[in-house]
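883 is the number of the first residue of the sequence shown in my numbering; add one for each residue after it.
All C-beta atoms in this analysis are idealised placements derived from N, C-alpha and C, irrespective of residue type, glycine included.
Keep in mind the model is a prediction, meaning the values are calculated, not measured.
One structure is given here, and the rest of the page talks about it.
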Amino acid sequence: MTSQVSSPTEQADGSVVGEQRKPGGTKDVRRLDRVIIRFAGDSGDGMQLTGDRFTSETASFGNDLSTLPNFPAEIRAPAGTLPGVSSFQLHFADHDILTPGDAPNVLVAMNPAALKANIGDVPHGGEIIVNTDEFTKRAMAKVGYATSPLEDGSLDGYRVHPVPLTTLTIEALKEFGLARKEAERSKNMFALGLLSWMYHRPTEGTEAFLRQKFAKKPQIAAANVAAFRAGWNFGETTEDFAVSYEVAPATRAFPTGIYRNISGNLALAYGLISASRQADLPLFLGSYPITPASDILHELSRHKNFGVRTFQAEDEIAGIGAALGAAFGGSLAVTTTSGPGVALKSETIGLAVSLELPLLVVDIQRGGPSTGLPTKTEQADLLQAMYGRNGEAPVPIVAPRTPADCFDAALEAARIALTYRTPVMLLSDGYLANGSEPWRIPDLEELPDLQVQFASGPNHTLDDGTEVFWPYKRDPETLARPWAVPGTPGLEHRIGGIEKQDGTGNISYDPANHDFMVRTRQAKIDGIEVPDLEVDDPHSAATLVLGWGSTYGPITAAVRRLRAAGDAIAQAHLRHLNPFPRNLGEVLARYGKVVVPEMNLGQLATLIRAKYLVDAHSYNQVNGMPFKAEQLAAALKEAIDD
């Protein structure tokens, strides 16, 4: 018998729903075009692992997706407290999406703290799955609940599913003979099984993952698989969940190719490896662990087979010092850090400017100043990247716009560093680093040729006819100096931070020479070839929204909403922040109003105003979280109508 499908209906959240009624009294299946789910619990409840597994299965199913992991700042905050809540939000759809979503359609709350910390984001009518076992008087009092929110009517506007997750998990694992505490740890897998049933996610990958993860503890592996299956079976049999949902693969969202789910830090690590292979240079990473950049160090350390060498130094200064030494020795050299580490590395970055050696400085931005908000995102290092060194020390700046784009940004940063013999700042941030999305694995022929020619012999003839090597004799097109590998006969030359004489590289205190060298280094950066800025303006709008970095997703989603409502607005997004694209001034002059949304207090807007004398309007947020599309759409609508 064929199932019947009702005509699709538009939901309050904008998703399209159809309903299938299965024969024989089985549960209904509703079709959705998109869903936003948030898992929330204590930092020890495994919410990030749960979200990662749901994301992996969703990616393998073929949905477009975007994620937002949200970690506590403390390594182990007190259990059951608001500061200790960890969450993972996933937006997946049957069409192209750009953000992890403004508000969750479904909240899985593992305890009272998770409910209280996240309930404000759930729209009325949303579904809430709560672990009732954790709603004890003590646990509720710890977060300020005088009465149980499950009983006092405060959740009447939501579809609440009370589930004793802990009890059900322990019951499902009785046969394994685990202690109660050990059995409780699998409740996140029970929740994952339940949600996998609700949204028809594949299960084979998660079961294989659990067996591999706990291969050395087969009893724990079997218990987690059993908990996962028990959650699935609970959804199938309980009367409380009368409906499951289907979100079809996003077959029209992606060009043909092989895809995988990837996070920003992983994409960046792969981009660095690819750059080293395309340049035919060994990759050296000198780094010191810092949130949220440490994943790049961890990942690169796994790839010695690709000629990668990683060095975990005793501090940030030693890390970049080793990287600069590797650059001098002929490697593609990288150092990774976050904002506080950039401050410590600033003197050595200035030395790299003076030595004119290729060096990639990867800054995964986080909330500041000082230690600030280690696990939260921000875009507030732009001015530090632009000016945060003594003297005139210009450095190119590249910024990826999505997690997958971190791969391409790494290749572009390497191209600039190797071609122009300069340190390059790559500005990612915590949102991109930890978030994930589908990524099309490129073919090798799509990757750029980054091979460089090392100096091999004399490059200058003196007046008396003697052939010599001048380490600061420049390429007339790029103004790059030659790159001489130490030990090459006849290419001995001085290095150091004291000013160099043009051409010879000898120490020079001559005022005119210093002026010339300062202007030459600046001209080299100004002359870097970068693509023109592309503008998306189908309706000849009067207002332009200009972004950079991770604001791309929220801005684009907001622009789509405004255009769907009939408003004309143009959009442009900067990848290169130093130098700016050559046509940026001409683009800005075409619009009566320019709005610059940033997760800082207006740093790009300040640069735009100073360089182009444009009255750029800032729209700023500095709360450690990415913009919401609805919030941005309202602000841009106000700018259009003003």
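| Asked | Found |
| --- | --- |
| For G1002 and L989, the rounded distance between their alpha carbons | 11 Å |
| First and last residue of the uninterrupted alpha helix (DSSP H) at L1214 | Looking at the DSSP string, L1214 is not in any alpha helix (DSSP H); the run it does join, the beta strand (DSSP E), is L1214 to T1219. |
| Beta-carbon proximity list for H1082, same chain, < 6 Å, skipping 5 on both sides | E1128 |
| Integer-rounded CB distance, given that P1240 should sit under 8 Å from A1204 | The pair is not a contact, with the Cβ atoms about 15 Å apart (cut-off 8 Å). |
| CB-CB length for H1342 against K1355, believed under 8 Å | 6 Å |
| The stretch 1279-1291 in contact with the stretch 1325-1334 per 3-pair CB rule at 8 Å | no |
| Straight-line gap, K1382 to Q1404 (C-alpha atoms, nearest Å) | 15 Å |
| Contacts around S1156, its chain only, beta-carbon distance under 8 Å, and the 5 residues preceding and following it disregarded | F1289, A1292, L1293 and L1329 |
| Option in Y1170, A1105 and F1116 with minimal Cα separation from L1047 | F1116 |
| Proximity to G1409 [Cα-Cα], best of P1461, D934 and T1348 | P1461 |
| Interface flag, R1271 vs chain C, CB-CB below 7 Å | Protein chains in the displayed structure number just one, and chain C is not present. |
| Within 7 Å, strictly: CB atoms of R935 and L1074 | yes |
| Short Cβ contact (7 Å threshold) for I919 with L980 | no |
| Contact belief for G927 with N1070 at Cβ below 8 Å, rounded distance in angstroms | In the sequence as presented, Gly is not what sits at residue 927; that position holds Asp. The Cβ separation is near 6 Å, so the contact holds. |
| Rounded C-alpha distance that separates Q1101 from F1058 | 7 Å |
| As assigned by DSSP and simplified to three states, the class of Q1333 | coil |
| Cβ-based neighbour list, L1483, same chain, cut-off 6 Å, excluding 5 preceding and 5 following | N1502 |
| Meets three-Cβ-pair contact criterion under 8 Å: the stretch 1451-1467 and the stretch 1410-1419 | yes |
| For N1013, the three-state DSSP class (helix, strand or coil) | strand |
| Cutoff 6 Å; reference H1387; Cβ partners in own chain excluding five residues on either side | A quick correction: the sequence has Gly, not His, at residue 1387. Answer for G1387: P1353, Y1354, H1375 and R1376, listed in chain order. |
| Beta-carbon spacing of F1351, L1373 below 7 Å | yes |
| Counted within 10 angstroms of its Cβ, other Cβ atoms place V1125 as buried (16 or more) or exposed | exposed |
| Helix, strand or coil at G1201 [DSSP, three-state] | helix |
| Inter-residue spacing [alpha-carbon to alpha-carbon] between G907 and P1005 | With a pLDDT of only 46 at G907, under the threshold of 50, the placement of this residue in the model should not be trusted; the figure read from the coordinates follows. Approximately 31 Å, taken between the alpha carbons. |
| DSSP three-state assignment for W1114, whether helix, strand or coil | helix |
| Secondary structure, beta strand (DSSP E): runs of 3+ residues fully inside the stretch 1300-1380 | 1305-1311 and 1318-1322 |
| Where the alpha helix (DSSP H) containing Y1269 begins and where it ends | L1264 to Y1269 |
| Reduced DSSP category for T1119 - H, G, I as helix; E, B as strand; rest coil | helix |
| Those residues which DSSP pairs with V1129 across a bridge | L914 |
| Coarse secondary structure for P1044, derived from DSSP in three states | strand |
| Exposure of E1319, with buried meaning 16 or more beta-carbon neighbours within 10 Å | buried |
| Boundaries of the alpha helix (DSSP H) in which H1185 is found, first to last residue | Segment: none, H1185 is in no alpha helix (DSSP H) and carries neither H nor E. |
| Buried or exposed (CB count within 10 angstroms, at least 16 for buried), I1178 | buried |
| Segments of 3+ residues assigned as beta strand (DSSP E) that fall wholly inside the stretch 1482-1524 | 1499-1502 |
| Where E1274 falls: helix, strand or coil (DSSP) | coil |
| Range of the contiguous alpha helix (DSSP H) that encloses L997 | P994 to N1000 |
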